[in-house]
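Note that this note's numbering has the sequence shown beginning at 10, numbered continuously upward. Everything below concerns the one structure shown next.
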Amino acid sequence: MTPKIKEIQYKEKYTYYIRFDNNREGSVNFQSFLWGEVFEPLKDEKFFRKAYVDQTSGTITWPNGVDIAAETLYQKILSNN
């Protein structure tokens, strides 16, 4: 089972520090995710910075309902290390 996201902190230009409930952590740049109609609002950096952790699903979510699966972000962090 993939760990859930417990904490996020905006760092810089479309990058968030992410900590999972198993204490694995790292930074992810989201620019490669920002394509397609559903992600269009996230290209506005002010809106992008409004992300939060959905405590039920353990995903990173934005006010318009867009989210990115914890599994995807976990694998991205693993591949960066």
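For each residue, glycine too, the CB sits at the ideal point set by N, CA and C.
Inter-residue distance for Val47 and Gly67 is about 20 Å (C-alpha atoms, whole angstroms). CA-CA distance, Lys52 to Thr11, rounds to 27 Å. Taking Lys59 as the centre and dropping the five residues before and after it, the same chain places the C-beta of Trp71, Pro72 closer than 8 Å to its C-beta, in chain order.
As the crow flies, the alpha-carbon of Glu54 is around 8 Å from that of Lys22. The C-beta distance from Leu87 to Ile69 rounds to 16 Å, too long to meet the 8 Å contact threshold.
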